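Everything below concerns the one structure shown next.
Residue numbers (the working numbering): 8 to 182.
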């Protein structure tokens, strides 16, 4: 014990200097902690401004209720969107139209071929042949993009146009 006291008295100046530096450092940390605490208190005061503790609980409850209601609405919209997307695959929305002269003695490209089908290739090709004294309309079904009957050059061209239009629209979207 005597040796410790002797050592302390010999190094008293350095010990006092070390303790002063420690006190200043701790004082700085205390000031920083007080500033941080004041910031937190200020934010909390702003949060509770004009409210009492029980109304804050009510606000949180109302917020949670609204969030759950909105989540339910989003789930309904997502379900409806999936349903509509499934229906869209079956809608006849791909069109190809070709006008032509069916007969040499009739001009003006009044005859036409119209291809109409859905995303799965199911639909029909309508062909209207306009002559001088009559008009004939033919319809050929398409299943998976193919017909069980032979298609004329104009009908094939209408199908090709209907196939190409969606691809060009997809190209615009992806670029």
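All C-beta atoms in this analysis are idealised placements derived from N, C-alpha and C, irrespective of residue type, glycine included.
Bear in mind that the values here come from a model prediction, so they are computed numbers and not experimental data.
Item: Terminal residues of the continuous beta strand (DSSP E) containing residue 159?; Value: Unbroken run through residue 159: none, as it is neither H nor E.
Item: Candidates 119, 144, 170: which alpha carbon is nearest residue 128's?; Value: 170
Item: Do residue 133 and residue 118 count as a contact pair if the criterion is CB distance below 7 Å?; Value: no
Item: Can you tell me whether residue 92 is buried or exposed, with buried defined as 16 or more other CB within 10 angstroms of its CB?; Value: exposed
Item: What distance in whole Å lies between the Cβ atoms of residue 83 and residue 124, which are believed to be in contact at a cut-off of 8 Å?; Value: Actually they do not touch by this definition, with Cβ atoms about 31 Å apart.
Item: What did DSSP end up calling residue 51 once you bin it into helix, strand or coil?; Value: helix
Item: Rounding to the nearest angstrom, what Cα-Cα distance links residue 113 and residue 162 in this structure?; Value: 19 Å
Item: Here's a check: name, in chain order, each residue in its chain whose Cβ is nearer than 7 Å to the Cβ of residue 45, leaving out the five neighbours to either side.; Value: none
Item: Can you tell me whether DSSP reads residue 34 as helix, strand or coil?; Value: helix
Item: Identify, in the order they occur along the chain, each residue of the same chain with its Cβ nearer than 7 Å to the Cβ of residue 139, setting aside the five sequence neighbours on each side.; Value: 112, 113
Item: Provide the residue span of the beta strand (DSSP E) that contains residue 118, from first to last.; Value: 118-124
Item: Are the CB atoms of residue 168 and residue 115 within a distance shorter than 7 Å?; Value: no
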